[in-house]
Amino acid sequence: MPGAGTLHVVATPIGNLGDLSPRALEVLRAVDAICAEDTRHTRRLLAHFGIERPLLAVHEHNEGDIASKLVARLLAGESLALVSDAGTPLVSDPGFRFVRAAREAGIKVSPVPGPCAFVAALSVAGLASDRFVFEGFLPAKASARRERLASLAGESRTLVFYESSHRIEEALADCVAAFGSERPGVLARELTKLFETVLDGTLGEIRSAVEADENQRKGEFVLLVQGAGEDEDAKVAEGRRLYARLCEYLKPSQAAKLAAELSGAPRKALYGGDVQDQPPE
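Those letters in the sequence shown? Residues 1 to 281, per full-length UniProt numbering, in order.
Have a look at this one:
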């Protein structure tokens, strides 16, 4: 649109400040204002690089209300940058309503690519990356989280999740229950930061490593799970999905029996793969 400004969607470091690209620096220095998820966090980033630009708070609680005002500024000829607290904006972060409103108004929206935590994790995981499913954060509520995981038990593509430090143990336990303890996975923690670690092995092994080391329960996580292979028993995947749902209403032993009957899967294969967790015969 003639006379209108540009909305630049700018990726910022997920940890190491050296990952901010020269182009991102150039854009952040040149725009009229920077729209940030947390202005305090972004102000520290800008101060590190000696950038002084007005900051506007755009987060999940005000995005719907402020988007039209920001679009008006863009239509008036201002150029704005949109950043999140870390990584690529809109990837499990707010911003899509603002971007959609700008595009609907005919404003140019230009990406300034850079760091993204799940892409970084996928690049070092050693799991198939030609086809994958990014699921973002799993539901915080245990029942909803288990239902989501159960629905993915038969997914053949590599699964990618974000998880927080206060739920990582529960999420790993639920992954073991949904996919089995022998399913390969990778847990990437604090990527590009000082205490970066990447654990690989089976889900059971990763779960045990996290339970045994308090340090492995701190920070920000990307959890990757190998997809169900062609040799994966479809009956087992369906049985685990049914078992997870039935456990909300029945005792584990009853749920396992009914899920096995409905799916044709072996009863012992339906509950997580941990011997101590198997429902009684």
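Yeah, the Cβ is synthetic: ideal placement off N, Cα and C, and Gly gets one too.
Simplified DSSP assignment, three categories, for F195: coil
CB contact below 8 angstroms: A72 versus chain B: Considering every chain present, this structure includes no chain B. It has just one protein chain.
Under 8 angstroms between C-beta atoms of V9 and A24: no
Pair within 8 angstroms by beta-carbon distance, A86 and I14: yes
Three-state class that DSSP yields for H61 in the structure shown: coil
Of the residues G154, L75, R103, the one placed nearest P2, counting alpha carbons only: L75
For Y243 and A228, believed in contact at Cβ under 8 angstroms, the rounded distance: Not a contact, Cβ separation roughly 16 angstroms.
Segment limits, beta strand (DSSP E) that includes G185: 184-189
Alpha carbon of C175 to alpha carbon of A140, nearest angstrom: 14 angstroms
Three or more C-beta pairs below 8 angstroms linking the segment 210-218 and the segment 158-176: yes
Which listed residue (I51, D93, A47) has its alpha carbon closest to that of H59: D93
From R29, L191, T202, residue whose alpha carbon lies closest to that of F118: L191
Residue from E205, S110, S151, S263 with nearest C-alpha to V236: S263
Separation of L138 from R145, as counted between CA atoms: 6 angstroms
Boundaries of the beta strand (DSSP E) in which T158 is found, first to last residue: 158-163
Where F179 falls, given that 16 or more other Cβ within 10 Å makes a residue buried: buried
Among Q226, L194, L28, A150, the one whose alpha carbon lies nearest that of L187: Q226
Nonlocal neighbours in the same chain, by C-beta distance under 7 angstroms from E248, ignoring five residues either side: S143
For R267, three-class secondary structure by DSSP: helix
Outcome for F49 when other beta-carbon atoms lying within 10 angstroms are tallied against a minimum of 16: exposed
Burial state of G5 (16 or more Cβ within 10 Å): buried
Whether V112 touches V27 by CB criterion (8 angstroms): yes
DSSP state of G273 mapped onto helix, strand, coil: The predicted model places G273 with a pLDDT of 45, which falls under 50 and marks its position as unreliable; any figure quoted below should be read in that light. The answer is coil: DSSP assigns G273 none of H, G, I, E or B.
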